[in-house]
Structures are given as C-alpha cells and as structure tokens.
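Colleague: Below is a structure I'd like to ask you about.
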Amino acid sequence: MPNAAVKGTSYSLNHTPELALHYGNTPFVEREAHPDSEFLSVLPKHVQSYDECSRYAPNLVYIGAMDLEELEKKEQPWYEKLEQVSVRYGKYGEIMPEDETLGFLDLCDVFDLVWLEKDFAAKVKEKLAKHPLIREDLLARLESGHELREIEHEIANSAALPLYSGEKIIGCSRRGHEFDPNLTAYELLVNMTSKASAVLSLLHLIENSGIKPEDVDFVVECSEEAAGDMNQRGGGNFAKAIAEIAGCLNASGCDVRGFCAGPVNAVLAGASMVAAGTRKNVAVVAGGAIPKLYMNSRDHVKKSLPALENCLGSFGVLIVPDDGTLPVIRLDAIGKHTVGAGASPQTVTSVLTLEPLQKVGLRLTDVDKYAPELHNPEITLPAGAGNVPEANFKMIAALGVMKKQIEKADMQEFIKARGMKGFAHTQGHIPSGVPYMGHAAEAISSGKITRAMIIGKGSLFLGRLTNLADGASFLMEKPSQGKPEGEKGVTREEIRELILEALGELAAEMKK
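One rule links them: number in our numbering = place in the sequence shown (from 1) + 19.
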C-alpha cells in the first residue's frame with residue numbers, strides 16, 4: 020500500500036489573556052449570570068503576562084524552542100520555574116502577543132467585522148510590518164482604523180463586542196446579521212480568531228516546508244468551530260478562507276470535524292488523498308478556540324495558581340507523496356474506534372494501539388513513542404482532570420502486560436521510555452496527538468526513533484447527538500525504501516503515451 024510523507028509542520032500560540040478574560044466561556048458565562056461575582060473580580064490577578072508566557076517551558080516545547088527531552092528534566096511547577104529568556108520564535112512557529120493578534124485578526128477579516136481604533140491600528144501595523152512572514156500585500160489588508168466614538172457607537176447600539184488592549188477598548192467585533200443567532204458578534208469572533216490563528220500556522224508551515232503558497236493543492240481544516248448562517252449552520256468552509264489569506268491561490272479545501280479526534284482523521288484524509296494521487300501537497304491546519312480560554316480558570320483561582328489557559332493554539336502539517344527520504348504516515352495500520360467497539364478504556368486503548376499494530380505484525384514494544392492526548396498537566400491537575408497523558412500511557416502499558424508483550428515489572432520503564440510530558444494547551448482538538456508530529460518527524464529523520472503512534476480521541480456526547488466516543492490513530496515511521504539508484508518513476512502522462520503507442524501498434528497490426 021502506498022504511503023504519504025510529512026514534509027513540514029508548524030505550531031503557534033497567540034497569547035490572548037484579555038480575550039480570555041472577556042470571551043473565554045467560563046468567565047463569559049459567569050459575567051452573564053453573576054457579573055459581580057468574586058471569581059470575576061479576582062481572575063485578573065491571576066493573568067500570566069506575555070513575558071511569563073514566553074518563558075513557560077511547555078509553550079516553548081509547543082513552538083519548537085525546546086526539546087521534549089529537556090522538558091522531561093525540568094523541575095516543576097514549570098509556571099514558577101520559568102526560563103531565563105523570553106522566546107517568541109521557535110523552529111515550528113511562534114508565540115504572538117495579543118496586540119499583534121488583534122491586528123492580525125483585522126488583517127484576516129474580509130467582511131469588515133473587526134474595527135480597530137486608528138492609533139492602535141497604526142501602532143500594531145508598525146509591529147506587524149517587522150514580522151518575517153507578513154508580506155506587504157498581506158499587511159495592506161490591515162485597515163487604517165476608526166474613531167473611538169464610532170467603535171463605542173457600534174458597541175452601544177449594534178451589539179458589537181468590545182476588544183481590549185491594556186484594559187482599554189481599542190476596537191470591536193461586529194455582528195453579521197441582526198437576528199441570525201449564528202452570526203452574532205460572539206459567534207463570529209470565535210470563528211474569526213480560529214481562522215486567523217490557523218492562517219498564522221499555515222504561513223509558518225509554508226515557510227518551514229520550503230514551498231511557495233501556490234504549491235499547496237488542498238487544505239483540510241480541523242478545528243471545533245462551525246461556520247454558517249441560520250440556514251446551514253455548519254456549512255463551512257474554514258479551509259478555503261484560511262488558504263485565501265495565506266495566498267494559496269491554487270488550493271481548494273474542506274473542513275473535517277470530530278471533536279478531539281478531528282485532527283487525526285484530518286491527517287488521515289490528507290494522507291489518503293496524497294497516497295491515492297488525488298492531490299499532491301495537502302496542508303492540514305487548525306486554529307484555536309476562544310471558548311476554551313480560561314476554561315478551568317475557576318479551579319486555578321481557587322488554588323491561587325496562574326490561569327494558564329491564555330493562548331490560542333494552532334498547527335499545520337504538510338503531507339506530500341512518499342519520496343523515500345521523508346518520514347511516512349502508514350496507511351495500512353490505522354486505528355479506529357468503531358460504533359460497536361464499546362467505550363471501556365481498555366477497549367478504546369486496544370482498538371487504537373494494539374489492533375492496528377497487529378495488522379502489520381508489530382507489537383506494542385515496536386513503537387518508540389506514543390502521542391495520545393498531550394494536555395499540559397499543570398492545567399488539568401488543579402481542575403481535577405488528572406494527568407491525561409500519563410493516564411493514557413498507563414493504559415497502554417497495562418494492555419501490554421495483559422497481552423503478555425511486556426512484564427508487569429517493566430510497566431514504569433515502558434511508560435518512561437515511550438511516553439512524554441504533556442505540553443499542549445487545553446484547546447480541545449489541539450492536544451490530541453498532532454502536536455508531537457513535528458518532534459516525531461525530527462526524531463525519525465535524525466535516527467533517534469524509528470516509529471511513533473499519533474492518537475486522537477473525541478467525546479461526541481458534547482453535541483447531544485450520541486453518547487458514543489470516537490478515536491483514530493496512525494503510525495509515523497522512518498522513510499520507506501526509495502527506488503534503486505538509477506531507477507526512475509513513471510508519470511501518468513508517460514503511462515498514457517505508452518498505452519497510446521501500444522494501441523497504435525495494435526491498430527497497425529490489425530490493418531495488415
């Protein structure tokens with residue numbers, strides 16, 4: 020079976036504590052229900068500054084400014100033991116400050132929904148002009164801005180949402196329709212920030228992969244948002260909207276949804292297209308989710324901890340034909356959580372790890388690294404959700420013991436060697452396996468590891484349509500064997516010419 024390869028990856032964070040304070044779902048709902056609550060009055064005191072955010076080890080791992088091995092050695096709590104130097108750019112992407120994020124949001128807006136105040140727009144334009152990936156034609160999309168009185172009028176009279184910087188109103192996000200509940204200012208702000216953060220990662224992906232924007236053939240977008248109006252709420256298309264801003268003129272695209280399992284299914288969709296020859300260069304991208312900002316902040320505040328859910332996470336993966344040199348995505352060893360599989364942890368772990376390995380004659384010990392839900396434990400533990408990655412690794416190890424592939428005494432060593440620390444923000448779809456793909460590709464290419472398994476799992480009951488869960492997995496491996504030296508591949512056009520030539524010879528023979 021043909022495989023597809025990973026040519027490049029990108030991972031970025033948009034540090035957005037003021038968007039989190041006002042529009043993260045937990046404080047947003049609290050403000051609607053209890054505007055004078057103690058939680059809302061205390062929450063601003065728990066904000067992690069940009070300097071702290073850009074010295075926070077898990078964030079640096081996410082953007083590729085720190086190796087996972089180094090994170091393993093770091094003493095916790097990471098939020099107290101910050102790195103000495105603030106880092107904006109890593110080898111995969113960046114941590115963009117909030118003021119530039121708001122400018123970038125306006126830059127990505129095509130329906131005049133985002134209004135920025137004139138002075139703020141001018142200042143942020145100067146900053147974005149220095150960004151290494153923002154071309155002049157892209158920068159020109161940033162509007163000159165509006166008078167503050169115009170913005171305040173929109174907020175007071177047209178249900179626009181205020182945008183803040185330094186606790187001051189510097190703009191607003193406008194609604195798209197007076198009555199449509201799917202085009203409210205809030206819903207559109209959620210969608211536009213998801214789009215804009217995905218554009219940022221797509222720009223980094225193009226740069227990291229060494230290609231031109233017009234080389235991208237297709238974009239698959241896999242966030243958790245729904246774009247549409249009251250007549251087609253989830254019609255989409257985030258993918259094409261993202262491709263448009265990034266300058267991918269030859270690309271089309273579509274959206275894939277599956278809650279936290281969505282990204283793995285999107286990678287499989289892209290890899291299958293490439294392996295089948297349907298498309299050549301497929302970019303899988305996802306933007307961040309405003310509602311997930313400060314999702315667990317109530318528990319963080321109670322325990323006097325910093326509110327760490329302050330970044331929109333995004334990523335990109337470029338999938339290309341297998342050329343014998345790049346790490347490959349195996350399409351003959353796919354894990355899937357079927358309707359009839361059941362929901363017990365043991366069953367889910369088995370169908371996503373053991374069973375796909377058995378298909379190709381491999382054991383659990385043949386995988387060097389497992390990447391399931393890679394939530395940062397410093398976010399989830401205070402909220403009572405436990406150490407999610409560690410729990411997954413324990414289940415995989417327990418399955419290995421049950422299937423007699425490892426000894427019970429070796430479980431801890433198995434977990435230590437084949438697991439990893441969680442480092443991703445709790446952005447729903449973002450943590451599920453895909454954040455490790457960049458690190459995995461690098462480790463495979465350098466010979467550190469031979470094989471990694473990427474695992475995504477989703478809780479479908481959130482949509483109130485089914486109580487079933489979902490999951491999918493795939494293997495990344497060292498490059499497949501290239502063609503023998505001197506052997507050349509045959510293109511479809513060459514095959515066509517050979518067939519026509521043979522038909523011509525056959526016709527000539529028949530005339531004789």
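No residue lacks a Cβ here, since even glycine has one placed at the ideal position from N, Cα and C.
Remember, predicted model here, so these are calculated numbers, not experimental data.
Let me know the alpha helix (DSSP H) ranges lying completely inside the region 438–511, each 4 residues or longer, listed in chain order.
Modeller: Entirely contained in the region 438–511, the alpha helix (DSSP H) runs reaching 4 residues are, in chain order, 456–465.
Colleague: Would you give the residue range spanned by the beta strand (DSSP E) that Tyr-69 belongs to?
Modeller: That residue, Tyr-69, is in no beta strand (DSSP E); its alpha helix (DSSP H) goes 69–72.
Colleague: Can Leu-383 and Lys-422 be called in contact, C-beta distance under 9 Å?
Modeller: The answer is yes: Cβ separation under 9 Å.
Colleague: Would you call the CB atoms of Asn-16 and Tyr-111 closer than 9 Å?
Modeller: There is simply no residue 16 to check, as the chain begins at 20 and stops at 531 in what is shown.
Colleague: Note down the Cα distance separating Val-143 from Lys-321, rounded to an integer number of angstroms.
Modeller: C-alpha separation (whole angstroms): 35 Å.
Colleague: Determine, using beta carbons only, whether Gly-477 and Gly-289 come nearer to each other than 9 Å.
Modeller: For Gly-477 and Gly-289, no; Cβs fall outside 9 Å.
Colleague: Find out if the Cβ-Cβ distance for the pair Asp-351, Thr-469 is shorter than 9 Å.
Modeller: Not a contact, by the Cβ cut-off of 9 Å.
Colleague: Specify the secondary structure class of Tyr-389 as computed by DSSP and reduced to three states.
Modeller: Three-state DSSP puts Tyr-389 in a strand.
Colleague: On the DSSP bridge list, what partners appear for Ile-348?
Modeller: Answer is Ala-23 and Met-495, bridged to Ile-348.
Colleague: Would you please state the rounded distance, in angstroms, between the beta carbons of Gly-195 and Leu-182? I believe it to be under 8 Å.
Modeller: With a Cβ gap of about 16 Å, Gly-195 and Leu-182 do not count as contacting.
Colleague: Just to confirm my understanding: we take Leu-373, look at its own chain, exclude 5 residues before and 5 after, and list those with CB closer than 7 Å. What are they?
Modeller: Result list for Leu-373: Leu-383, Leu-418 and Lys-422, in chain order.
Colleague: Span of the beta strand (DSSP E) holding Gly-272?
Modeller: Gly-272 -> beta strand (DSSP E) spans 271–274.
Colleague: Any idea what DSSP makes of Asn-33, helix, strand or coil?
Modeller: Of the three classes helix, strand and coil, the one that applies to Asn-33 here is strand, per DSSP.
Colleague: What number of angstroms, rounded off, separates the C-alpha of Gly-253 from the C-alpha of Asp-274?
Modeller: Approximately 10 Å, taken between the alpha carbons.
Colleague: On a Cα-Cα basis, can you pick out the residue from Leu-219, Gly-306 and Asp-128 that is closest to Gly-447?
Modeller: Selected option, being the one with the closest Cα: Gly-306.
Colleague: I need the DSSP call for Val-407, collapsed to helix, strand or coil.
Modeller: If DSSP states are grouped into helix, strand and coil, Val-407 belongs with the helices.
Colleague: Taking the DSSP output, what are the residues bridged to Leu-182?
Modeller: According to DSSP, which records beta bridges pairwise, Leu-182 is partnered with Gly-190.
Colleague: Nearest by alpha-carbon distance to Leu-101: which of Pro-375, Arg-74, Asp-489 and Met-115 is it?
Modeller: Per the Cα distances, Arg-74.
Colleague: Would the region 449–463 and the region 322–334 be scored as touching if the rule is three or more Cβ pairs under 8 Å?
Modeller: These segments touch.
Colleague: In whole angstroms, what is the alpha-carbon distance linking His-150 and Glu-166?
Modeller: C-alpha separation (whole angstroms): 26 Å.
Colleague: Look at Ala-326 and His-319 and say whether their C-beta atoms are less than 9 Å apart.
Modeller: Yes; because the gap between Cβ atoms is below 9 Å, this pair is in contact.
Colleague: Among Ala-471, Glu-197 and Ala-402, which residue has its Cα nearest to the Cα of Ala-179?
Modeller: Among Ala-471, Glu-197 and Ala-402, the Cα nearest to that of Ala-179 belongs to Glu-197.
Colleague: Ala-491 and Ala-362: beta carbons closer than 9 Å?
Modeller: In this structure, Ala-362 does not lie closer than 9 Å to Ala-491 by Cβ.
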